[in-house]
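Chains F and X are the protein sequences, given in the same order. Residue numbering for the first sequence follows our numbering, beginning at 3 and increasing consecutively. Residue numbering for the second sequence follows our numbering, beginning at 39 and increasing consecutively. Note that CB positions come from ideal geometry on N, CA and C, so glycine has one too. All remarks here apply to the structure that follows.
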Amino acid sequence: MGFLSPWFLAGFAAVGIPLWVHLLRRHRSEPLQFSSLMFFEQRTQSSIKHRRLRYLLLMAARIAVVVLLTLAFASPFVTRSVPPGEGTGSLLVMVLDRSFSMREGNRLAAAKTEAASLLNSWRPASYGQVLALDSQVHLLTQRTNSVDELRAAINSVEAGDGRSSFGELARALRSLSESEKLPLEVHLFSDMQRTSMPSGFADLALSSDTRLVLHNVGSEKPNWAVESVTAPRVVNDPKKVRILATVAGYATPAASRNVSLVVNGKTVSTRTVDVPENGRATVEFLTLDAPHGWNRAEVRIDSADTLPADDSFLFAVERSDPRRVLFVHEGRQRRGLLYYKAALESTADGAFQVEAVSADSVANVAPEKFAFTVISDVASLPPSFERALVQSIKSGGSAMIAIGPAAAARAMVPILESKIAQSKYAARSGERFLALGKADEAHPALQRTNRWENVKFYQAFDVDPGDARVVARLTDQTPILLEKRVGQGRVVVFTSTFDNISNDFPLRPAFVPFVERLARYLSGFEENSVGYAVGSYLELRREGSASRALEVLGPDGKRALSLSEAATTQNLQLTRPGYYEVRRENGRHELVAVNPDRRESDLRTIPEETLNLWQGAPQGESAAAATPNEPREERRNLAWYFLLALLAASVVESLIASRYLSTSKETA
Amino acid sequence: MEQRFLNPSVLAAISGLELVAKTVVDGFISGLHRSPDFGFSQEFAEYRAYAPGDDLRHVDWNVFARTERAYLKRYRGETNTLVTVLLDASKSMAFSSHSVPKIDYARYIAASLTYLAHHQRDAIGVVVFDDEVRDYVPPSGRQGQMARILHAIERAEPGTRTDFAKPFVLCQDLLRRRGIVVVVSDFWESPETVIRTTEPLRFRGNELVLLHVLDPEEIRPSLREPRILLDMETGDSLQVTPEYARHEYPARMEAHIAGLRSKAQAAGIGYFLAVTNRALDECLREYLSIRQGRM
Chain F
3 MGFLSPWFLA
13 GFAAVGIPLW
23 VHLLRRHRSE
33 PLQFSSLMFF
43 EQRTQSSIKH
53 RRLRYLLLMA
63 ARIAVVVLLT
73 LAFASPFVTR
83 SVPPGEGTGS
93 LLVMVLDRSF
103 SMREGNRLAA
113 AKTEAASLLN
123 SWRPASYGQV
133 LALDSQVHLL
143 TQRTNSVDEL
153 RAAINSVEAG
163 DGRSSFGELA
173 RALRSLSESE
183 KLPLEVHLFS
193 DMQRTSMPSG
203 FADLALSSDT
213 RLVLHNVGSE
223 KPNWAVESVT
233 APRVVNDPKK
243 VRILATVAGY
253 ATPAASRNVS
263 LVVNGKTVST
273 RTVDVPENGR
283 ATVEFLTLDA
293 PHGWNRAEVR
303 IDSADTLPAD
313 DSFLFAVERS
323 DPRRVLFVHE
333 GRQRRGLLYY
343 KAALESTADG
353 AFQVEAVSAD
363 SVANVAPEKF
373 AFTVISDVAS
383 LPPSFERALV
393 QSIKSGGSAM
403 IAIGPAAAAR
413 AMVPILESKI
423 AQSKYAARSG
433 ERFLALGKAD
443 EAHPALQRTN
453 RWENVKFYQA
463 FDVDPGDARV
473 VARLTDQTPI
483 LLEKRVGQGR
493 VVVFTSTFDN
503 ISNDFPLRPA
513 FVPFVERLAR
523 YLSGFEENSV
533 GYAVGSYLEL
543 RREGSASRAL
553 EVLGPDGKRA
563 LSLSEAATTQ
573 NLQLTRPGYY
583 EVRRENGRHE
593 LVAVNPDRRE
603 SDLRTIPEET
613 LNLWQGAPQG
623 ESAAAATPNE
633 PREERRNLAW
643 YFLLALLAAS
653 VVESLIASRY
663 LSTSKETA
Chain X
39 MEQRFLNPSV
49 LAAISGLELV
59 AKTVVDGFIS
69 GLHRSPDFGF
79 SQEFAEYRAY
89 APGDDLRHVD
99 WNVFARTERA
109 YLKRYRGETN
119 TLVTVLLDAS
129 KSMAFSSHSV
139 PKIDYARYIA
149 ASLTYLAHHQ
159 RDAIGVVVFD
169 DEVRDYVPPS
179 GRQGQMARIL
189 HAIERAEPGT
199 RTDFAKPFVL
209 CQDLLRRRGI
219 VVVVSDFWES
229 PETVIRTTEP
239 LRFRGNELVL
249 LHVLDPEEIR
259 PSLREPRILL
269 DMETGDSLQV
279 TPEYARHEYP
289 ARMEAHIAGL
299 RSKAQAAGIG
309 YFLAVTNRAL
319 DECLREYLSI
329 RQGRM
């Protein structure tokens, strides 16, 4: 028997307190008033003797309370020898890593073999459970004592494409220990990749009654991989494309690698790159000859290493004509159009083309044919166009509305029907102008705009935001930029104009990025990433949108969602590498490329010391030294028993004390 | 049910002595008091030959006409007696081992007795004393006398006491007319002293009753541990053991009560022990039953 916190035993000194109270303290009693002492005579009795006789039981209970409290804090334990996974009521947990890196060589087969050999030596007097680990922990069996069931579960493990996370494993083991209320004996069969470690070692903490045994089935091997590809999602001009691919070598010598750009299965370009030792190199492709529509593109290297699955990086590119933007304006005022068009069409890739239509001739224009619509200070819109625009927005379109004096005459913001409360003026003379005040700089309209530096606003319109989100306010708290979701689409309101009259924004450097970023945001370019990692989620529909069915085809060409899921699900977890085809509710077709997490390509293992630390073994002792088949010493903490005894002693003490208390009350 | 309300602790919760007295006395057989004197009432007692000095108004002139002898007609007086209650308000009367102190119990008894006497048109008076005569309401049967009596009783609070005999000397001067004198006290004095002190009241033709009020704890103390006891009147202190309180003290107390009772009887003084945990009406009924025909 030992003590985990022996310094608490100093608390035994407190035993002196009840001893002093009961035996040594001078007996004092309050004088009792009596009507007459006529018939009383002086008699004395030894008070110490009296106390000792009367309160011996109470004193014993109090001493017991002090002793038990001290022992409980000192955490006593007993040690005993226990065969592996037997007799102790412990749960044998076998965790098999099935992350992407386990595809290397025969790592998974080795893990299975080791797990099976452990099972052979296991005597099923207690329970076992098999888990599979990637970015999440998957229970392959429930708690069982059937060896066959455990063996079948081990054999069923297939290498996946996700990344392994030891932090997630530790969290799952903590909750398993809490729910099972049993000591756990955990055997982890993994290649112990360094990248699987969480950022903080504290995340690996296991509960005190969990014993971890690590089985390393991997070793450090050189591996080249295409780490990332940066490519535009939409290509308008194939001559103006820039595709950047990063080739990384992990534990590799310096070498030359051939990098190929493959579009729709056809190699369109090949470069040779020198990858430094254990380093990275970048390859640039400046043309992308691809047909109109979605194209399945890929950057591939010839690595000749033992993990070929990370030698290519998939991405999807849409070749399309410039997107048309409908610009509705008052026929008389064309300055706003001039500035906006110049800013939008000056962007490098020419992704947008502005088509200007005056408000009185827009009645027959179909807004759904445009990427988005800009309504620039328009007094009134033809009702048929307004209806069509609202319908288009609800089904996923977007619009931008600039409020100027003409629009303010209507006192209502078109489409949103928000009230325009008043016009805020600032004189041009002196410093009397308004500037940008509070703003959400994470919003695309404010990204790369340096907070609209030096932009002066002379007139803005105070729009009642209602349930719209205020993205930016001027210094006098007038909302300058608002955004509101309408159905599936969104409307952005700029409460000033683009004509260099109400403000000098069009003349400032911030205007071009503002127009460009906002155009990309409204046309939906920003929402889609070039590539997704396996295990990440793809947003299919926004919260609260109508439940119209959409369709997702997986990398194998089969539907990834059931009919009911297709009607309701908001996010789809991308579990396999390859191309996913998404046909959205608004009829838009989209191609999404999914690649394994590239952190899995780094096959370097965790240092031995770190693994020992995680297992709780002393430094320098090999992880393999703690063989699972040898009897082990188990500590059994007795603090709980002492706490229970303390509770009982406290109850006894209370009962005895209350009895004496009531007696003395009666006497008084 | 009625008995429950007559419990001293229940009566203690009733504010107003008149209500307490009414609660206790109402329902009693009225008229138990009988005057020790012959007076003027309807109940004939006897004839007596006229002697010089007798009041001529009492001569039965019919008998004189028939026999030419003067006889006095005598009636049993029922309402003409004086009832005076001497209420001890010494410090020791404040003792209590339960919810009703002795002084309260004594007040209830005094109020009940005077209420009973007043109910049958006796003249009633009260003397409240400790070392001195603290309050005195002369006996009277006038209207409002009951209220005065109750007021005086209610005002009685435990004061001091070192000398038992002193107030009785003063009382002798106050009680000049004959009647019934009821002394309500805890009589913490030797029986000889008590009788010697109170006896002079009887010599004047008064009927004297000693009502001994004691707390049950005073008769049989329940000490569980050695305690220092403090005399409420003298302030003296004494360490007492439970063994003494359990065995020797009760014996001495019983001897004291028995001595007081026998010496009172020997002196022609009535004695009655009232323990404060007894129901008040039960106590009064016993007292009146004992005295039936005499008061």
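Span of the beta strand (DSSP E) holding P33(F)? Translated into the one-based positions of the first sequence, residue 33(F) becomes position 31. Segment: none, P33(F) is in no beta strand (DSSP E) and carries neither H nor E.
Under 9 Å, Cβ to Cβ, is there at least one residue of chain X near M61(F)? Residue mapping note: residue 61(F) aligns to position 59 of the first sequence, counting from 1. Not one chain X Cβ lies under 9 Å of M61(F).
* Closer than 8 Å by beta-carbon distance: list the chain X residues that pair up with M3(F), in chain order. => Within the first sequence, numbered from 1, the residue matching residue 3(F) stands at position 1. In chain order: nothing, as chain X lies at least about 43 Å away.
**Report entry** Contacts around V654(F), its chain only, beta-carbon distance under 6 Å, and the 5 residues preceding and following it disregarded
**Finding:** One-based indexing of the first sequence puts residue 654(F) at position 652. Excluding residues within five positions, the ones whose Cβ falls inside 6 Å are A63.
Check your understanding: Roughly how many whole angstroms lie between the Cα atoms of D160(X) and R290(X)?
Key -> Stepping through the second sequence from its first residue, residue 160(X) is reached at position 122. Stepping through the second sequence from its first residue, residue 290(X) is reached at position 252. Approximately 39 Å between the Cα atoms of the pair.
**Message:** Applying the 10 Å Cβ sphere with the 16-neighbour rule, what's the burial state of S363(F)?
**Reply:** Along the first sequence, read from residue 1 onward, the residue named residue 363(F) stands at position 361. Label assigned to S363(F): exposed.
- prompt: Shorter than 9 Å from the beta carbon of F644(F) to some beta carbon of chain X?
  reply: Taking the first sequence and counting its residues from 1, one reaches residue 644(F) at position 642. No, its Cβ sits nowhere closer than 9 Å to a Cβ of chain X.
Runs of beta strand (DSSP E) lying entirely within the region 569 to 620 of chain F, each at least 3 residues, in chain order: 573 to 575, 580 to 585 and 591 to 597
Item checked: Burial state of N260(F), where buried means 16 or more other Cβ atoms lie within 10 Å -> Locating residue 260(F) in the first sequence gives position 258, where the first residue counts as 1. Looking at its Cβ environment, which holds fewer than 16 other Cβ atoms inside 10 Å, N260(F) is exposed.
message: For a quick check, are the C-beta atoms of V221(X) and P177(X) less than 9 Å apart?
response: Within the second sequence, numbered from 1, the residue matching residue 221(X) stands at position 183. Within the second sequence, numbered from 1, the residue matching residue 177(X) stands at position 139. No. Outside cutoff.
- Query: Taking buried to mean at least 16 other C-beta atoms within 10 Å of its own C-beta, is Y287(X) buried or exposed?
  - Reply: Mapped onto the second sequence, residue 287(X) falls at position 249. Per the 10 Å Cβ criterion, buried.
Q: Identify each residue in the region 266 to 282 of chain X for which the Cβ-Cβ distance to at least one residue of chain F is less than 8 Å, and report them in chain order.
A: I266, L267, L268, D269, M270, E271, T272, D274, S275, L276, Q277, V278, T279, E281 and Y282
- Between the region 303 to 324 of chain X and chain F, which residues of the former have CB atoms less than 8 Å from a CB of the latter, in chain order? none
Burial state of Q131(F) (16 or more Cβ within 10 Å):
Along the first sequence, one-based indexing puts residue 131(F) at 129. Looking at its Cβ environment, which holds 16 or more other Cβ atoms inside 10 Å, Q131(F) is buried.
Q) Should S448(F) be labelled buried (16 or more other beta-carbon atoms within 10 Å of its own) or exposed? A) In the first sequence, counting from the first residue as 1, residue 448(F) sits at position 446. As written in the sequence, residue 448(F) is Leu, which differs from the Ser given in the question. Classification for L448(F): buried.
(message) Can you confirm whether S38(F), when its beta carbon is compared against all beta carbons of chain X, has any partner nearer than 9 Å?
(response) As a position in the first sequence, residue 38(F) is number 36, starting the count at 1. Output row for S38(F): interface = yes.
Notebook entry, point to check: Quick one: is L34(F) near chain X, going by C-beta distance under 9 Å?
Noted result: Mapped onto the first sequence, residue 34(F) falls at position 32. Yes, L34(F) lies at the interface with chain X (some Cβ there is under 9 Å from its Cβ).
For R45(F) and chain X, any beta-carbon pair shorter than 9 Å?
Position 43 of the first sequence holds residue 45(F). So yes, R45(F) belongs to the interface.
task = Check N315(X) in the structure and name its three-state DSSP category.
result = Taking the first residue of the second sequence as position 1, residue 315(X) is located at position 277. In the structure shown, N315(X) sits in coil (DSSP, three-state: anything other than H, G, I, E or B).
Quick check on DSSP: helix, strand or coil for V356(F)? Numbered from 1 along the first sequence, position 354 holds the residue referred to as residue 356(F). Looking at V356(F) - three-state DSSP - the assignment turns out to be strand.
Fill in: Interface flag, M184(X) vs chain F, CB-CB below 9 Å
Your numbering for residue 184(X) matches position 146 in the second sequence. Not closer than 9 Å to any Cβ of chain F, the Cβ of M184(X) fails to qualify, so no.
Run the CB neighbour count on Q490(F), radius 10 Å, all protein chains shown included, and call it buried at 16 or more, exposed below.
-> Start at 1 with the first residue of the first sequence, and residue 490(F) comes out as number 488. Under this definition Q490(F) is a buried residue.
Work out the CA separation of D466(F) and K421(F) for me, nearest whole Å.
Your numbering for residue 421(F) matches position 419 in the first sequence. Your numbering for residue 466(F) matches position 464 in the first sequence. Distance between the alpha carbons of K421(F) and D466(F): 5 Å.
(Q) Quick check: the Cα distance between S119(F) and A134(F), rounded to an integer number of angstroms? (A) As a first step, residue 119(F) is located in the first sequence; it is residue number 117 there, counting from the start. As a first step, residue 134(F) is located in the first sequence; it is residue number 132 there, counting from the start. Taking the straight line from one Cα to the other gives about 17 Å.
inquiry  = I'd like the span of the beta strand (DSSP E) that includes K440(F), first residue to last.
reply    = As a first step, residue 440(F) must be located in the first sequence, where it is residue number 438. Note, K440(F): beta strand (DSSP E), L438 to A441.
* Kindly indicate the opening and closing residues of the alpha helix (DSSP H) around N147(F). => Within the first sequence, residue 147(F) is the residue found at index 145, counting from 1. From DSSP, N147(F) is part of no alpha helix (DSSP H); its letter is neither H nor E.
Does DSSP put I403(F) in a helix, in a strand, or in coil? By 1-based counting over the first sequence, the position of residue 403(F) is 401. I403(F) falls in the strand class under three-state DSSP.
Worksheet item: Relative to the alpha-carbon of G618(F), which residue among A174(F), R173(F) and V188(F) has its alpha-carbon at the smallest distance?
Response: As a working note, residue 618(F) is residue 616 in the first sequence. Here the closest residue by C-alpha is V188(F).
Among all the DSSP beta bridges, which residues are the ones paired with Y252(F)?
-> Residue numbering aside, residue 252(F) sits at position 250 when the first sequence is read from its first letter. For Y252(F), which the question treats as bridged, DSSP gives the partners N225(F).
For Q131(F), report the span of its alpha helix (DSSP H) as first-last.
Looking up residue 131(F) in the first sequence gives position 129. Run containing Q131(F): none in the alpha helix (DSSP H); it sits in the beta strand (DSSP E), Y129 to L135.
Within 10 Å of its beta-carbon, does S128(X) have 16 or more other beta-carbons around it, so buried, or fewer, so exposed? The residue you call residue 128(X) lines up with position 90 of the second sequence. With 16 or more Cβ atoms within 10 Å of its Cβ, S128(X) is classed as buried.
Go ahead and label Q183(X) buried or exposed: buried means 16 or more other beta carbons lie within 10 angstroms of its beta carbon, across all protein chains shown. The residue you call residue 183(X) lines up with position 145 of the second sequence. With 16 or more other Cβ atoms within 10 Å, it is buried.
### Query
With a cut-off of 9 Å, does the C-beta of F42(F) fall near any C-beta of chain X?
Sequence index remark: in the first sequence, residue 42(F) carries index 40 (1-based). At a cut-off of 9 Å, the C-beta of F42(F) has a neighbouring C-beta in chain X.
Assigned exposure category for R561(F) - 16 Cβ within 10 Å defines buried: Mapped onto the first sequence, residue 561(F) falls at position 559. With fewer than 16 Cβ atoms within 10 Å of its Cβ, R561(F) is classed as exposed.
Applying the 10 Å Cβ sphere with the 16-neighbour rule, what's the burial state of N266(F)? Locating residue 266(F) in the first sequence gives position 264, where the first residue counts as 1. Under this definition N266(F) is an exposed residue.
Using the Cα positions of L186(F) and S179(F), report the straight-line distance between them to the nearest angstrom. Position 184 of the first sequence, counted from the start, is the residue given in the question as residue 186(F). Position 177 of the first sequence, counted from the start, is the residue given in the question as residue 179(F). Answer to the nearest angstrom: the Cα atoms are 7 Å apart.
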